[in-house]
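Asker: Supplied in structure tokens, the structure appears directly below.
Chains as they are written, first to last, in our numbering: chain Y, 1 to 285; chain C, 286 to 570.
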């Protein structure tokens, strides 16, 4: 079985490592615009060899792990090329546009829209790691459009590498990701920007970062190449939730100005319930 | 030597543990409104016994680790009571009001305004830990107002438990803390509030939290009892930096609406330089 990984970064690389462990006879071929990443992946043993897009007719499995704006262009072309029993899945953070663009493709059933909730703020194959997906959710979108035997293979493989599965339609996925993930990134990027603009002394940023800044600003290290297209594709949902966030911040500021500290106390107390949610819910499968 | 710890929580408790390790003959006495915390601290061996405020005339060293609104009331009374060679230091997150309130006190020189940049979003003596301050900054404010021999004792003790020292005036401290710490907490609390309001399904919050939410919202677990008075005491600086943050978020939203994704890319790219700052600066001492 030949597995092609298009975009051999943190996610594509980590998934290749786990699948190769699971199916040792699998041949892993890497494709990437970034020749340095390809060389690193080869040296690290993540891929067996380099490949090119024009070989994809011989692929049995394809992981599409490139920025979402490139996926919407490349996926239809990939489906044009692949053989009848091939399975292509993506790992992108937005799903509506991608599902739409192949909705009427004759080989739609050879595609599975997937979003593993795993990774860090770092990118590139040198950050790929074995077991990254252990205990992590894999969101599958519009999975009824995937051919049942291919879907079944994917579900088994994802579960074998430790993931639990959630099923959503693409629009629901994009809405929830705007709420829980995309807003967090904007919040973090703009926090970092604000502090960089105001704080003249970088030593202060370093010394005082342990007082809360470091964790809230972690996501501001994320790749703009990855995130700009996500915000573009999920623009409506992102604007909607960003507006709600700004409104809450404006309200907080207003209460400060009014000296209404009882109200601020109550807002924070209510928000503390997140602790229970983040600690207490058992995953479904 | 008798060390009194007023407010035996995460910070006061951790500091007591390290000082007791450093000076084994030191007797550690705990004072707290919260009887459960006192019992825990006694059981955990963090304090040798419980005490009361009316014994403070016999204290040699006092750590004041209670919410900042209580410190401004209690500190003058403590100074009224202590003997000539006693040293009191606080560990609070705001400094201007506290320094002001004892500015003309006849025993001002027995007080040192300190702010250890350490801790987590949790509170209480059960989270106290040995070595918490290792490699962490200790900010000393207006340290010239402290009697030199007492200051010297404190500097040695803080360095011995692993801290490096920074010196600031109280107003500078409060301004920088608003930038780097207090804004982070508001950003995180309001992010948590926004997501709780919009996301009906708690399972989604749990499943998708790994996609960025978990780290940005960590501070929203913080204690409102601690944070409300900090925002109150540092209101002017907090409003100022919160306004700048809201302005950046409004600008981000505007660029989204305008489809100016090149500008968003550039903003994120510039903010990525935080990685270098957070990784690369060596602490002064």
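Cβ atoms here follow ideal geometry from the backbone N, Cα and C, with glycine treated the same way.
Beta carbon of residue 66 of chain Y, beta carbon of residue 7 of chain Y: below 8 Å?
Answerer: Here residue 66 of chain Y is taken as the residue at index 66 of the first chain, counted from 1. Here residue 7 of chain Y is taken as the residue at index 7 of the first chain, counted from 1. A contact, by the Cβ cut-off of 8 Å.
Asker: Is residue 129 of chain Y close to chain C? Criterion is C-beta to C-beta, closer than 8 Å.
Answerer: Sequence index remark: in the first chain, residue 129 of chain Y carries index 129 (1-based). No, residue 129 of chain Y does not count as interfacial toward chain C.
Asker: Label residue 502 of chain C either buried or exposed according to how many other C-beta atoms from any shown protein chain fall within 10 Å of its C-beta, with 16 as the threshold for buried.
Answerer: In the second chain, the residue the question calls residue 502 of chain C occupies position 217. Label assigned to residue 502 of chain C: buried.
Asker: What is the rounded straight-line gap between the Cα of residue 49 of chain Y and the Cα of residue 79 of chain Y?
Answerer: Reading the first chain from its first residue, position 49 is the one you call residue 49 of chain Y. Reading the first chain from its first residue, position 79 is the one you call residue 79 of chain Y. If you take the alpha carbons of residue 49 of chain Y and residue 79 of chain Y, they lie about 22 Å apart.
Asker: Excluding sequence positions up to five away, which residues of its chain have a Cβ less than 6 Å from the Cβ of residue 456 of chain C?
Answerer: Residue 456 of chain C sits at position 171 when you count from the first residue of the second chain. Contacts found: 381.
Asker: Using a Cβ-Cβ cut-off of 8 Å, state whether residue 359 of chain C counts as contacting chain Y.
Answerer: Position 74 of the second chain, counting from 1, holds the residue named residue 359 of chain C. No, residue 359 of chain C lies away from the interface with chain Y (no Cβ there is under 8 Å from its Cβ).
Asker: Listed in chain order, which residues of the segment 115–141 of chain Y have Cβ atoms closer than 7 Å to some Cβ of chain C?
Answerer: Within the segment 115–141 of chain Y, the residues whose Cβ lies closer than 7 Å to any Cβ of chain C are, in chain order, 117, 118, 136 and 137.
Asker: Any beta-carbon of chain Y closer than 8 Å to the one on residue 320 of chain C?
Answerer: Indexing the second chain from 1 puts residue 320 of chain C at position 35. No, no contact with chain Y.
Asker: Can you pull out the residues from the segment 72–105 of chain Y whose beta carbon lies closer than 8 Å to at least one beta carbon of chain C?
Answerer: 93
Asker: Along the chain, where does the alpha helix (DSSP H) that runs through residue 521 of chain C open and close?
Answerer: Sequence index remark: in the second chain, residue 521 of chain C carries index 236 (1-based). Taken as a continuous stretch (DSSP letters only), the alpha helix (DSSP H) holding residue 521 of chain C covers 520–542.
Asker: Any C-beta of chain C sitting closer than 8 Å to the C-beta of residue 224 of chain Y?
Answerer: Here residue 224 of chain Y refers to the residue found at position 224 of the first chain. When Cβ-Cβ separations below 8 Å define contact, residue 224 of chain Y makes contact with chain C.
Asker: By Cβ distance below 6 Å, which residues in the same chain neighbour residue 526 of chain C in space, the five residues on each side in sequence not counted?
Answerer: Taking the second chain and counting its residues from 1, the one referred to as residue 526 of chain C is at position 241. Setting aside the 5 residues that flank it on each side, residue 526 of chain C is surrounded in the same chain by 463, 464 and 468, each with a C-beta closer than 6 Å to its C-beta; the list follows chain order.
Asker: Between residue 189 of chain Y and residue 154 of chain Y, what straight-line distance do the alpha-carbon atoms span, to the nearest angstrom?
Answerer: Counted from its first residue, the first chain places residue 189 of chain Y at position 189. Counted from its first residue, the first chain places residue 154 of chain Y at position 154. Cα to Cα, the separation comes out at about 35 Å.
Asker: Residues of the segment 468–487 of chain C with a CB closer than 9 Å to any CB of chain Y: list them in chain order, please.
Answerer: 468, 469, 470, 471, 472, 473, 474, 475, 476, 477, 478, 479, 480, 481, 482, 483, 484, 486 and 487
Asker: Under 9 Å between beta-carbons, which chain Y residues line up against residue 438 of chain C? List them in chain order, please.
Answerer: As a first step, residue 438 of chain C is located in the second chain; it is residue number 153 there, counting from the start. Here the premise fails: no neighbours, minimum Cβ distance about 23 Å.
Asker: Counting only the same chain and skipping the five closest in sequence on each side, list residues whose C-beta sits under 8 Å from that of residue 529 of chain C.
Answerer: Residue mapping note: residue 529 of chain C aligns to position 244 of the second chain, counting from 1. The beta carbon of residue 529 of chain C sits closer than 8 Å to no other beta carbon from its chain once the five residues preceding and following it are set aside.
Asker: Is there a Cβ of chain A sitting closer than 8 Å to that of residue 210 of chain Y, yes or no?
Answerer: Considering every chain present, this structure includes no chain A. Its protein chains are Y and C.
Asker: Apart from the five residues on each side of it in sequence, which residues of its chain come closer than 6 Å, Cβ to Cβ, to residue 28 of chain Y?
Answerer: Taking the first chain and counting its residues from 1, one reaches residue 28 of chain Y at position 28. Cβ within range, chain order: 3, 16, 20, 47 and 48.
Asker: Let me know if residue 545 of chain C comes out buried or exposed under the rule of 16 or more other beta-carbons within 10 Å of its beta-carbon.
Answerer: As a working mapping, residue 545 of chain C is identified with position 260 in the second chain. Under this definition residue 545 of chain C is an exposed residue.
Asker: With a threshold of 16 other CB atoms inside 10 Å of the CB of residue 495 of chain C, please say whether the residue is buried or exposed.
Answerer: Reading the second chain from its first residue, position 210 is the one you call residue 495 of chain C. The residue is buried, with at least 16 neighbouring Cβ atoms inside 10 Å.
Asker: Roughly how many angstroms lie between the CA atoms of residue 392 of chain C and residue 431 of chain C, to the nearest whole one?
Answerer: What you label residue 392 of chain C is simply residue 107 of the second chain in a count that begins at 1. What you label residue 431 of chain C is simply residue 146 of the second chain in a count that begins at 1. C-alpha separation (whole angstroms): 9 Å.
Asker: Can you list the residues of chain Y that residue 523 of chain C reaches, using a CB-CB cut of under 9 Å?
Answerer: Numbered from its first residue, the second chain carries residue 523 of chain C at position 238. Within chain Y, the residues near residue 523 of chain C are 253 and 256.
Asker: Suppose you measure from the CA of residue 138 of chain Y to the CA of residue 64 of chain Y; what does that come to, to the nearest Å?
Answerer: As a first step, residue 138 of chain Y must be located in the first chain, where it is residue number 138. As a first step, residue 64 of chain Y must be located in the first chain, where it is residue number 64. For residue 138 of chain Y and residue 64 of chain Y, the distance between alpha carbons rounds to 15 Å.
Asker: When the Cα of residue 371 of chain C is compared with those of C/383, C/421, C/310 and C/435, which residue comes out closest?
Answerer: Working through the second chain from its first residue, we reach residue 371 of chain C at position 86. Among C/383, C/421, C/310 and C/435, the Cα nearest to that of residue 371 of chain C belongs to C/435.
Asker: Would you check if the distance between the CB atom of residue 367 of chain C and the CB atom of residue 373 of chain C is smaller than 8 Å?
Answerer: Position 82 of the second chain, counting from 1, holds the residue named residue 367 of chain C. Position 88 of the second chain, counting from 1, holds the residue named residue 373 of chain C. Yes, these two residues count as a Cβ contact at 8 Å.
Asker: Any beta-carbon of chain Y closer than 8 Å to the one on residue 492 of chain C?
Answerer: On the second chain, position 207 is the one that residue 492 of chain C refers to. Yes, residue 492 of chain C counts as interfacial toward chain Y.
Asker: Of all Cβ atoms in chain C, is any one closer than 8 Å to the Cβ of residue 181 of chain Y?
Answerer: For the purposes of this step, residue 181 of chain Y is taken as residue 181 along the first chain, with counting starting at 1. Interface residue, yes.
Asker: Helix, strand or coil for residue 407 of chain C per DSSP?
Answerer: For the purposes of this step, residue 407 of chain C is taken as residue 122 along the second chain, with counting starting at 1. Three-state DSSP puts residue 407 of chain C in coil, outside helix and strand.
Asker: With a threshold of 8 Å between beta-carbons, can residue 163 of chain Y be considered close to chain C, or not?
Answerer: Here residue 163 of chain Y refers to the residue found at position 163 when the first chain is read from its first residue. Chain C, which has no Cβ nearer than 8 Å to the Cβ of residue 163 of chain Y, makes this no.
Asker: Assign residue 477 of chain C to one of three DSSP states: helix, strand, or coil.
Answerer: Position 192 of the second chain, counted from the start, is the residue given in the question as residue 477 of chain C. Of the three classes helix, strand and coil, the one that applies to residue 477 of chain C here is helix, per DSSP.
Asker: In chain order, what residues of the same chain have a beta carbon less than 7 Å from the beta carbon of residue 230 of chain Y, not counting five sequence neighbours either side?
Answerer: Numbered from 1 along the first chain, position 230 holds the residue referred to as residue 230 of chain Y. Cβ neighbours of residue 230 of chain Y beyond the five flanking positions: 68, 93, 94 and 182.
Asker: When the Cβ atoms of the segment 218–228 of chain Y are set against those of the segment 550–559 of chain C, are three or more pairs found closer than 8 Å?
Answerer: Touching, yes, given that three or more Cβ pairs across the two stretches are closer than 8 Å.
Asker: Could you tell me which chain Y residues have their CB closer than 7 Å to the CB of residue 350 of chain C, listed as they occur along the chain?
Answerer: In the second chain, residue 350 of chain C corresponds to position 65, counting from 1. Those within 7 Å of residue 350 of chain C in chain Y number zero; the least Cβ separation is about 15 Å.
Asker: Comparing the C-beta of residue 529 of chain C with each C-beta of chain Y, is any distance below 8 Å?
Answerer: Here residue 529 of chain C refers to the residue found at position 244 when the second chain is read from its first residue. So, interface residue.
Asker: List the residues that DSSP assigns as beta-bridge partners of residue 316 of chain C.
Answerer: As a first step, residue 316 of chain C is located in the second chain; it is residue number 31 there, counting from the start. Answer is C/291.
Asker: With distances taken Cα to Cα, identify the nearest neighbour of residue 326 of chain C among C/412, C/459 and C/339.
Answerer: Counting from one through the second chain, the residue named residue 326 of chain C turns up at place 41. Answer by Cα proximity: C/412.
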